[in-house]
Structures are given as structure tokens and as C-alpha cells.
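Numbering (this note's numbering), first residue to last: 1 to 530.
A short worksheet on the structure shown next.
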Ligand code: SF4
């Protein structure tokens, strides 16, 4: 490359950076609303924080009149090396800001423990997230960030959120940014949060502009932007923005499709977050990758899923039956990494939809337990030309069975025991607070044997000191007596357990409002009245 071209490029780059910094200074001085900047560790948010830092440094001290909060999200399942580097950067930004007297504060936002990835999967049995049921982004990223914003709104009345979004990232991203922009104004209305506005200082930057800026202007807090550059080069992956606007979430695809996602992300088919690091020699991460692949693999395993939804609703999925060479097959369609499969129709028990209940009772089938009874129900439907068609359907899937949840915990703890973080001897995959929460949920849902402490001590080889010591409701022999009684009277033991847990939760309370509602909900669960 000739010298002339380089200097032209630098001049153009200088101008772009200068304009961006001037615009940021103007926006900053415009009012007293504090700024909240989302920092993910990726290139776009790094540019934004660096531009703001530079802009504030150039302002006279008496004009630094309001706070800029730099927030990063920690989903509690972040890729280990990435979260370390984000922590380090946040510390450096904070130290440098203090040194230079800038009104800048760094914060980490985390999901509430009862909404963490593991509490939802192992505690409540949520199936691991995928493209169709991506429950994680809201709970792990958006809600915690929004809570931070709402807290600031309640302190200051209004806030400005600074996002590292760019129009050229994708057509839909560009359209979203444009649709929220009020002409002539720097700030856009936040799509869901009242009293929050959005400012996108690099909306007109191209990806080349981003790298030009990062590689030509050293990080004021002493990070090496070339390291970030090489991270992108060998991960060939996208950005994982700290999504703080639901409208941008939908265009973001999976934030797991990058080095900056969660290590356990099951939304993507191939995990780039861990693979890239392992290929670069971080072999200690291999057990995490194996576990993540296993978790993805069991997601649609019918034997590990309940056959009704969390609150007892039963639903049916129509299945296709195809005749091939004189044999009827049930077609299991391709989904994610699962291949299309054909299962002989004769392997199924086929019952009329209206006879399902008596069939389940007669065969003592518990829809919440492990296993798949290979049941198909039939019903009649009128075809387009008025003829009557026989349709086949199978019970739709619900949360993981209790057995599967115990298995996931068991395997996760095994990985935790095995994994050797080179720099952090206290590295853990699941926190004790999460285990305590999971234990509470299990106890409430009828785990009267209190399985969690024993799974833990069996895998880890030592007893943990569990703070919440819930006295078991019944002793072991009382539980088996109760099970026998349920058998004798043809009652569902799970319902009895739920009823006893509800009564226990309300016992001792003066006002027991809500008790009857909960009992009614339990007794009217769909699956009990098929
Ligand atoms: S990285 Fe994957 S698991 Fe984590 S929040 Fe994003 S989509 Fe969900």
C-alpha cells in the first residue's frame, strides 16, 4: 500500500473520529440526563466506550456535569476467557476514569439468581434454549440491564442509553434504527422503556471504520486493540451485543453465535465461543464443550421430557405418517442438528384421542416421568374435498423430567470437578446460590427425598454446608406408605405432593389468601382431566 493511500485513509479516519467525538460532546452537554453505555467486550461497544472516553477527556472539567455508566452483562454462563477480559477491561476503564477525574462508573449486571440459566434448566426443567424458544436472552441479559436502567430512571427521571449499533450491520438493523429515529434528533425513543432514550453514536460507521478507529487510536485505559482484532480474526464470528433493547434483540440472531456468547449456548448448532479457544490451545475448555454438545443433544429427547407443560397443559403435535414400500412410518422431521428420522408405525400404541385418559390409567402411565410410551392418538378431520381423514398426533413435550434435571446437575458438577482453570482455582460453573435455589424449587415440587445435597456430595466428594435446612415433610417410610395409598386409591402422587407443598407454604400464615386458588389450579391441571 502506498504512503499516499495510507495518509488519505488516516485523514478520512481522523475526520470520522473527530466528527463522532464532537457529536458525542454536543449530545453530552445537551441536558442533564445520565448516560448508560452497554459494553459487551466486542468491537462495536469498545469503539463506543473509547469514543465517549476520548470525548469526555477533551471537555473542560466544569462541563463534566453528569454520570456515564458503563454496564456489562454477566449471564453467569459467560465464556470463561471472555468474562475475565471484560472484568479486567471494566477495572481498567474505572481506574483510568478516576485518575483523569471523569464522571464514569463501570457496573456489571447479572440475572437474578432465581432466573439464572441453571435455575431455569435444572430447577424448573426449561428445555435448553433454541431458535424457537429462546427464553434466555430476556432473562439473562435484557431484564437485568433493563432493571439497571429503570433504577436510574427512578433516580434521575430520564436516561439516555448508548448503543453500539450500526446501520450497515444488516438491512433489518438499519431499518430498526431508522424507524425509531426522529428526524434532526440525536436521540431515539426506547421501544419498551418509558423515559429512556437511545443514542447510537456509531450508527453511520462501517465495519472498516470501526477497525480503523480501534487500530489507529490507542485504548485510553491501556487495552491492546490488536488483541481484540485477532480475537475476531480467528473466530470469524459475529458480535454479541449487550442487548438492551428488545427491538434489536430480534435482529441480533443468536448472541451465542460469537466468541462473546455464553459457553453453554444451545441456540447455535456449532459453538464458536468454545471451539475457537480450544483450537487456539485452551484444551482445559474441552470438557465444557463436550457438556454443551451433550446438553444440545438431549434437548428433544422425548424420554427426558414431561408430556405436559409446566402448569399441566397437555397439547398434541400432529405427526406425518408416510407409506414406504408397503410399510407405514412416522416421520420425525429434521430439527436443528437432529436428522430426519423414520419410525415404523407398528412400534406405537395407537389410541383414539377420546380414550387417552382411560388408556393412561389402565397402564399406569405417569406423564411427568422419564420414558416415552410411544403413544399416538387418532382423530378425524374433514379434508379439503369433504372426505373424513384420520390424523395422528403425539403428546407435545414439556419441561425436562425430574430424572433428567438430576442427570444434568450430576453431569454439570462432574465437569465442574474435572475442569482446571489455569488462572482461577475457584472457577465454578454453577454457583452455590443457584444450587440453593434449585434445591428450594425441587423441594417445593415434591422432591421430598431432598436429592440435591446427596447428588452434590456424591459427585464432589465432600458435604457442602447448605444454609437452608428444610426439614423433610415426611420420612422415607412415610413417603412409601403414601405412594402405596395413592396406588390403592388410584391417585396421582405428584398431585398429592403439590397439594401438601402448597399447604406447607401457607401454614403458619395469618392471612392465607391465594391458598384456595393454588389448590384449585393444581386440581384442575389439564393432564388430570384428559
Ligand atoms: S449466548 Fe446463547 S444462551 Fe446466552 S443469552 Fe445469548 S442466545 Fe442465550
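Every residue, glycine too, gets a C-beta built ideally from N, C-alpha and C.
Counting every other CB atom within 10 Å of its CB across the protein chains shown gives residue 34 a total of 16 or more, marking it as buried. If you ignore the 5 residues before and after residue 317, its C-beta comes within less than 7 angstroms of the C-beta of 393, 394, 396, all in its own chain and listed in chain order. Distances from the alpha-carbon of residue 142 to those of 74, 199, 103 put 74 closest.
Under the three-state reduction of DSSP output, residue 317 falls in the strand class. Contact between residue 44 and residue 198 is ruled out by a C-beta separation of about 14 angstroms, above the 8 angstroms threshold. Distance from the CA atom of residue 91 to the CA atom of residue 15, rounded to whole angstroms, is 30 angstroms. Counting only runs of 3+ residues, the beta strand (DSSP E) found wholly inside the stretch 30–83 occupies 35–38, 68–73, in chain order. Excluding its 5 nearest sequence neighbours in each direction, residue 493 has C-beta neighbours in its own chain below 6 angstroms: 483, 486, listed in chain order.
Contact between residue 373 and residue 358 does not hold, since their C-beta atoms are separated by about 14 angstroms, which reaches or exceeds 8 angstroms. Contact between the stretch 78–86 and the stretch 58–65 is absent: fewer than 3 CB-CB pairs across the two stretches fall below 8 angstroms. As DSSP reads the structure, residue 400 sits in a beta bridge with 305.
Below 8 angstroms, enough C-beta pairs join the stretch 403–410 and the stretch 118–126 to call them touching: three or more. DSSP places residue 349 inside the beta strand (DSSP E), whose first and last residues are 349–352. Residue pairing for residue 390: DSSP places it in a beta bridge opposite 380. Counting C-beta pairs with one atom in each stretch, the stretch 413–426 and the stretch 275–287 have three or more that are closer than 8 angstroms, which means they touch. Counting the other Cβ atoms within 10 Å of the Cβ of residue 383 gives fewer than 16, which makes it exposed. Taking C-beta atoms under 8 angstroms as the contact rule, residue 130 and residue 303 fail to qualify, at a distance of about 18 angstroms. In this structure residue 225 is buried. Its beta-carbon is surrounded by 16 or more other beta-carbon atoms within 10 angstroms. Residue 452 is not a Cβ neighbour of residue 429, given a cutoff of 8 angstroms.
DSSP places residue 189 inside the beta strand (DSSP E), whose first and last residues are 187–189. Between the stretch 362–380 and the stretch 95–111 there are fewer than three C-beta pairs closer than 8 angstroms, too few to call the two in contact. Residue 95 sits in a helix when the DSSP states are folded into three classes.
One Cα belongs to residue 503, the other to residue 288, and the distance between them is close to 41 angstroms.
Under the DSSP assignment, residue 484 falls in the alpha helix (DSSP H) whose first and last residues are 476–488. Taking the CA atoms as reference points, residue 517 sits about 25 angstroms from residue 489.
Between the ligand SF4 and residue 141, a heavy atom-to-CB distance of less than 7 angstroms is present.
A residue is called buried when at least 16 other Cβ atoms come within 10 angstroms of its Cβ; residue 460 does not meet this threshold and is exposed. Distances from the CB of residue 75 to the heavy atoms of the ligand SF4 include at least one below 7 angstroms.
Measuring C-alpha to C-alpha distances from residue 441 to each of 367, 115, 426, 138 identifies 115 as the nearest.
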